[in-house]
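*Asks:* This is the structure I have questions about; it appears just below.
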Amino acid sequence: MRAVVLLLGTALFVLLCAGRAHACSCMGPGQPCQAFGSAAAVFVGTVTDVRTRQPKPAADGEIDWTPRVFRLTVVQAFSGVAGTEVEISTGQGGGDCGYGFRRGETYLVYAYAGRDGKTLSTGICTRTRPVSEASEDLEFLRGLAGRGPGVTLDVTVARPPQDWKSGQPRQYSGLAGARLVVEGAGESREVKTDAEGRVRLSGLKPGTYKVKLSLPEELTTWKTEQEVTVNDRGCASVFYSVSDNGRVGGKVSDVEGRAAAGVLVTLVRADDPDPESLNANLVRTDEEGRYAFKSVPPGRYLLAVNLRRFPQPDDPTAAYPRTYYPGVAQAEQAEVISLGAGEAVKDRDILLPQRRAESVVEGVVVWEDGTPVAKPGVGFRDMTYHDPGIDNGIESDERGRFRIKGYQGQTLLIRAGSGRQFAGDWQRDGPMERSEPVRLTLAAPTERVKIVVTKLR
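If you're matching positions, the sequence shown starts at 0 in the numbering used here and goes up one per residue.
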């Protein structure tokens with residue numbers, strides 16, 4: 000298996016393809032034939048005018064974030080242009096992927112159809128560029144007249160690098176013999192990748208193609224079916240990143256043999272058992288108490304219930320103390336699960352201790368004089384084992400009252416504020432109010448809490 004240095008060739012066109020994008024992130028724009036193969040219009044034009052329009056909702060409810068519209072006089076058209084002038088919309092520039100056209104300058108433009116199918120847009124994630132920097136593209140485009148009809152489709156199936164932190168180019172290892180089905184233009188073809196994980200299909204009819212990848216159970220990819228549309232005499236590329244499909248599964252039950260439905264099970268590396276770790280995987284059990292982790296890389300792992308990063312209100316997981324597989328309270332006592340590449344480890348059943356008794360916190364938020372704070376902002380976090388760093392907001396009423404459902408043995412940190420709109424300069428004038436959070440360990444069926452808010456200004 001030889002290494003493949005992969006240059007991802009599809010533009011990740013965040014602005015034009017995702018209406019609510021607020022930051023621009025691009026991959027490489029690909030080869031000229033790819034850009035031509037996917038663009039609605041390709042031409043050389045000179046900018047003559049620009050206007051600004053207000054962002055407006057599209058038919059699908061998304062917002063069109065391409066407020067600048069440039070008018071260009073067509074110098075040479077290669078596809079999708081019938082008249083002598085074209086209007087192209089784009090963003091403001093910077094974080095919204097907008098292209099910085101300048102009046103009076105000439106550009107090679109790759110334009111893409113808007114949501115309405117009528118407007119044309121472009122951005123910095125495309126191969127649009129000043130004509131003085133487009134020699135490679137122009138050589139390809141001006142040679143189209145001598146090319147025969149048909150399109151080319153390149154597919155690559157590869158494994159990602161093992162070490163992403165090395166600072167070296169991303170060396171993908173091609174997966175040989177991967178089975179693919181390519182459907183489109185009324186045809187279906189079954190092909191396999193070569194020794195480098197590649198396959199090229201030439202002379203296809205222009206149109207839309209579905210590429211379907213079949214993998215053995217021990218391998219997985221994010222999306223097994225991809226779709227591309229290719230214009231005549233253009234090309235397209237499809238890339239699959241394939242990884243080991245390690246699987247860990249089992250059942251979670253309590254001491255009475257009842258299925259623990261809806262509890263959160265966490266899988267963490269044995270050498271990094273911190274619940275805040277980014278390496279933690281989380282799934283919930285189904286109605287029968289079963290859980291299943293997929294796409295797990297090889298390694299040594301610990302399984303646990305109530306090793307939560309982001310606890311939620313009314314979470315059934317909180318009904319049980321923290322428990323590691325197979326049914327112990329401490330990580331040092333837990334059984335380590337060793338998982339090989341693509342291996343399936345089954346029947347890792349977790350036995351939970353006695354379910355905790357329920358407890359309800361009945362609270363009220365008041366001012367210093369004892370009068371209730373109307374509809375205060377109230378939040379709490381479960382501090383039983385660690386600080387998750389996130390408060391759960393809960394409802395309150397006009398008399399400042401709130402309720403939190405929990406379980407005896409839990410430790411909660413409860414905060415409250417009036418919700419008054421901030422006024423003035425905080426650095427100069429200081430905060431508007433103060434209230435001390437209440438730390439409470441639930442020990443009875445009902446716990447009562449009063450939080451006092453002090454007005455400072």
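Even glycine gets a Cβ: it sits at the ideal position worked out from N, Cα and C. Nothing here was measured: the structure is a model prediction, and the numbers come from that model.
Give a yes or no on contact between the segment 440 to 452 and the segment 359 to 368, applying the rule of three or more CB pairs nearer than 8 Å.
*Replies:* With a cut-off of 8 Å, the segment 359 to 368 and the segment 440 to 452 count as touching, because enough Cβ pairs lie within range.
*Asks:* Can you check DSSP and say which residues form a bridge with residue 111?
*Replies:* DSSP lists 120 as partners of residue 111.
*Asks:* May I ask which residues mark the beginning and end of the beta strand (DSSP E) holding residue 36?
*Replies:* Per DSSP, residue 36 belongs to no beta strand (DSSP E); it is in the alpha helix (DSSP H), 31 to 37.
*Asks:* Hey, would you say residue 405 sits closer than 9 Å to residue 360, going by beta carbons?
*Replies:* For residue 405 and residue 360, yes; Cβs fall inside 9 Å.
*Asks:* In chain order, what residues of the same chain have a beta carbon less than 8 Å from the beta carbon of residue 165, not counting five sequence neighbours either side?
*Replies:* Per-residue confidence for residue 165 stands at a pLDDT of 45, beneath the threshold of 50, marking its modelled position as unreliable; no derived number is given.
*Asks:* Secondary structure at residue 20, three-state DSSP: helix, strand or coil?
*Replies:* Confidence in residue 20 is poor, its pLDDT being 41 and thus under 50, which makes the residue's placement unreliable; the coordinate value appears in the next sentence. DSSP places residue 20 in coil when its eight states are reduced to three.
*Asks:* Quick one, which of 262, 27, 284 has its alpha-carbon nearest residue 321's?
*Replies:* The candidate whose alpha carbon is nearest that of residue 321 is 262.
*Asks:* Determine the DSSP secondary structure at residue 77, reduced to helix, strand or coil.
*Replies:* Reduced to three states, the DSSP call for residue 77 is strand.
*Asks:* Going by the CB atoms, is the gap between residue 98 and residue 71 shorter than 9 Å?
*Replies:* Contact flag unset, no.
*Asks:* In its own chain, which residues sit with a C-beta less than 6 Å from the C-beta of residue 279, not counting the 5 before and 5 after it?
*Replies:* Once the five neighbours on either side are set aside, the close Cβ partners of residue 279 are 265, 267.
*Asks:* If you check the beta carbons only, do residue 371 and residue 402 fall under 9 Å apart?
*Replies:* No, Cβ-Cβ distance for residue 371 and residue 402 is not below 9 Å.
*Asks:* How many Å lie between residue 181 and residue 304 at the Cα?
*Replies:* Whole-angstrom Cα-Cα distance: 43 Å.
*Asks:* In its own chain, which residues sit with a C-beta less than 8 Å from the C-beta of residue 252, not counting the 5 before and 5 after it?
*Replies:* The residues are 258, 259, 288, 348, 349, 350, 351.
*Asks:* To the nearest angstrom, how far is the alpha carbon of residue 124 from that of residue 25?
*Replies:* Their backbone Cα atoms lie some 5 Å apart in a straight line.
*Asks:* From the DSSP output, read off the bridge partner residues of residue 230.
*Replies:* None, per the DSSP bridge assignment.
*Asks:* Do the CB positions of residue 43 and residue 69 come within less than 9 Å of each other?
*Replies:* Not closer than 9 Å, so no.
*Asks:* According to DSSP, what are the bridge partners of residue 335?
*Replies:* DSSP, once it has assigned bridges, lists no residue as partnering residue 335.
*Asks:* Is the segment 201 to 216 in contact with the segment 148 to 159, if contact means three or more CB pairs nearer than 8 Å?
*Replies:* Contact holds: three or more Cβ-Cβ distances are below 8 Å.
*Asks:* Are the beta-carbon atoms of residue 136 and residue 23 separated by less than 9 Å?
*Replies:* No, the Cβ-Cβ distance between residue 136 and residue 23 is not below 9 Å.
*Asks:* Looking only at its own chain, which residues have a Cβ that is under 8 Å from the Cβ of residue 219, when we skip the five neighbours before and after it?
*Replies:* Cβ within range, chain order: 241, 242, 243, 244, 293, 294.
*Asks:* Mapping the DSSP letters down to three states, classify residue 66 as helix, strand or coil.
*Replies:* In the structure shown, residue 66 sits in coil (DSSP, three-state: anything other than H, G, I, E or B).
*Asks:* Determine the extent of the beta strand (DSSP E) in which residue 292 is found, giving its start and end residues.
*Replies:* Note, residue 292: beta strand (DSSP E), 289 to 295.
*Asks:* In whole angstroms, give me the CA-to-CA distance for residue 380 and residue 332.
*Replies:* Looking at the two C-alpha atoms, the distance is approximately 27 Å.
*Asks:* To which residues does DSSP link residue 478 through a beta bridge?
*Replies:* This structure cannot settle anything about residue 478, because the visible part of the chain is limited to 0 through 456.
*Asks:* My understanding is that residue 330 touches residue 272, with C-beta atoms under 8 Å, so please give their C-beta distance in whole angstroms.
*Replies:* Going by Cβ atoms, the distance from residue 330 to residue 272 rounds to 5 Å, so yes, they are a contact pair.
*Asks:* With a 10 Å radius around its C-beta and 16 neighbouring C-beta atoms as the bar for buried, classify residue 313 as buried or exposed.
*Replies:* The residue in question, residue 313, is exposed, as its Cβ has fewer than 16 Cβ neighbours within 10 Å.
*Asks:* At what residues does the alpha helix (DSSP H) containing residue 134 begin and finish?
*Replies:* That run of the alpha helix (DSSP H) goes 134 to 141.
*Asks:* For a quick check, are the C-beta atoms of residue 140 and residue 238 less than 9 Å apart?
*Replies:* No; because the gap between Cβ atoms is not below 9 Å, this pair is not in contact.
*Asks:* Kindly identify the DSSP beta-bridge partner or partners of residue 72.
*Replies:* Residue 72 is bridged to 45, 84.
*Asks:* Let me know if residue 441 comes out buried or exposed under the rule of 16 or more other beta-carbons within 10 Å of its beta-carbon.
*Replies:* So residue 441 ends up on the buried side.
*Asks:* Can you check whether the CB of residue 383 is closer than 9 Å to the CB of residue 317?
*Replies:* In contact: residue 317 and residue 383 (Cβ atoms closer than 9 Å).
*Asks:* Round the Cβ separation of residue 192 and residue 176 to the nearest angstrom and send it over; I've been treating them as touching at under 8 Å.
*Replies:* Sure, about 6 Å apart at Cβ, within 8 Å.
*Asks:* Using the three-state DSSP reduction, which class does residue 358 fall into: helix, strand or coil?
*Replies:* DSSP places residue 358 in strand when its eight states are reduced to three.
*Asks:* Starting from the Cα of residue 120, find the closest Cα among 112, 142, 386 and give me that residue.
*Replies:* Of 112, 142, 386, the residue nearest in Cα terms is 112.
*Asks:* Am I right that residue 387 and residue 418 are in contact with their C-beta atoms under 8 Å? What's the rounded C-beta distance?
*Replies:* Incorrect: roughly 23 Å between the Cβ atoms, too far for contact.
*Asks:* Thinking residue 353 and residue 254 are a contact (beta carbons under 8 Å), I'd like their distance in whole angstroms, please.
*Replies:* Right, the Cβ-Cβ distance comes to about 6 Å (below 8 Å), so this counts as a contact.
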